[in-house]
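Asker: Below you'll find the structure I mean.
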Amino acid sequence: MAAAYDDPIAAKLIAEVQQEYVLRYGSEDETPTDPAEFAAPLGHFVVGLLDGDAVACGGWRAHDSAEPGFRDGDAEIKRMYVVKRARGRGFARLLLAELERSAAAAGRRRAILETGTRQPEAIALYVSSGYVRIPGFGYYRDSPVSRCYGKDLLEHEPERA
Numbered sequence: 037m038a039a040a041y042d043d044p045i046a047a048k049l050i051a052e053v054q055q056e057y058v059l060r061y062g063s064e065d066e067t068p069t070d071p072a073e074f075a076a077p078l079g080h081f082v083v084g085l086l087d088g089d090a091v092a093c094g095g096w097r098a099h100d101s102a103e104p105g106f107r108d109g110d111a112e113i114k115r116m117y118v119v120k121r122a123r124g125r126g127f128a129r130l131l132l133a134e135l136e137r138s139a140a141a142a143g144r145r146r147a148i149l150e151t152g153t154r155q156p157e158a159i160a161l162y163v164s165s166g167y168v169r170i171p172g173f174g175y176y177r178d179s180p181v182s183r184c185y186g187k188d189l190l191e192h193e194p195e196r197a
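Okay, so the sequence shown: first residue is 37 according to this note's numbering, each after it adds one.
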């Protein structure tokens with residue numbers, strides 16, 4: 037379901053993903069984020085439910101070439117997370133597909149994301165979903181544990197007659 041980035045349900049999941057970063061990297065993700073960036077038409081945030089409980093979240097925010105490291109039409113995926121009890125059920129893949137679909141529907145041309153070497157399961161998901169390594173961007177662009185990936189979204193656009 038669509039949700040505001042700062043909705044209490046989303047905020048709880050975002051706090052959990054931040055604690056996951058603390059466990060894996062020693063600190064929270066310090067990338068500047070503004071909840072307004074995840075609101076339409078230049079962003080989107082979703083929460084996944086299982087038996088009425090929020091178990092997954094993620095969103096995208098628009099970027100263009102005026103910002104270093106970005107291209108016109110980029111949609112940066114942020115805060116993808118699935119709670120431990122719901123992992124291994126395909127939620128991450130469904131969530132990623134929804135973010136790609138909604139970004140393409142909003143006219144975004146490429147999905148991009150930054151993850152880290154201490155998240156091998158995330159890297160495996162992105163690579164198996166067609167993402168390829170791209171040059172570093174954003175807050176962690178020079179970090180040795182950062183990995184950036186991108187995927188062309190044109191394939192998600194409907195055929196035009």
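Here a beta-carbon is modelled for each residue, glycine too, at the ideal position from N, C-alpha and C.
The structure presented is a predicted model; accordingly, all values stated were derived computationally and were not measured.
Look at the alpha carbon of Val181 and the alpha carbon of Asp65, and state the distance between them as a whole number of angstroms.
Answerer: Within the sequence shown, numbered from 1, the residue matching residue 181 stands at position 145. Within the sequence shown, numbered from 1, the residue matching residue 65 stands at position 29. For Val181 and Asp65, the distance between alpha carbons rounds to 13 Å.
Asker: My output table needs one value for Leu189: the three-state DSSP class, helix, strand or coil.
Answerer: Within the sequence shown, the letter at position 153 stands for residue 189. Residue state, collapsed to three classes: coil.
Asker: Take Glu136 as the anchor and find which of Pro156, Glu103 and Ile113 has the nearest alpha-carbon.
Answerer: As a position in the sequence shown, residue 136 is number 100, starting the count at 1. Out of Pro156, Glu103 and Ile113, Ile113 has the C-alpha closest to the C-alpha of Glu136.
Asker: How close, in whole Å, do the beta carbons of Ala39 and Val83 come, if the pair is a contact with beta carbons under 8 Å?
Answerer: Taking the first residue of the sequence shown as position 1, residue 39 is located at position 3. Taking the first residue of the sequence shown as position 1, residue 83 is located at position 47. Ala39 to Val83, Cβ: 5 Å. Contact.
Asker: Looking at the structure shown, is Ala40 part of a helix, part of a strand, or coil, going by DSSP?
Answerer: For this step, residue 40 is matched to residue 4 along the sequence shown. Coil.
Asker: What is the rounded straight-line gap between the Cα of Glu193 and the Cα of Tyr117?
Answerer: Stepping through the sequence shown from its first residue, residue 193 is reached at position 157. Stepping through the sequence shown from its first residue, residue 117 is reached at position 81. Reliability fails at Glu193, whose pLDDT of 46 lies under 50, so the model's placement of it is uncertain and no value is given.
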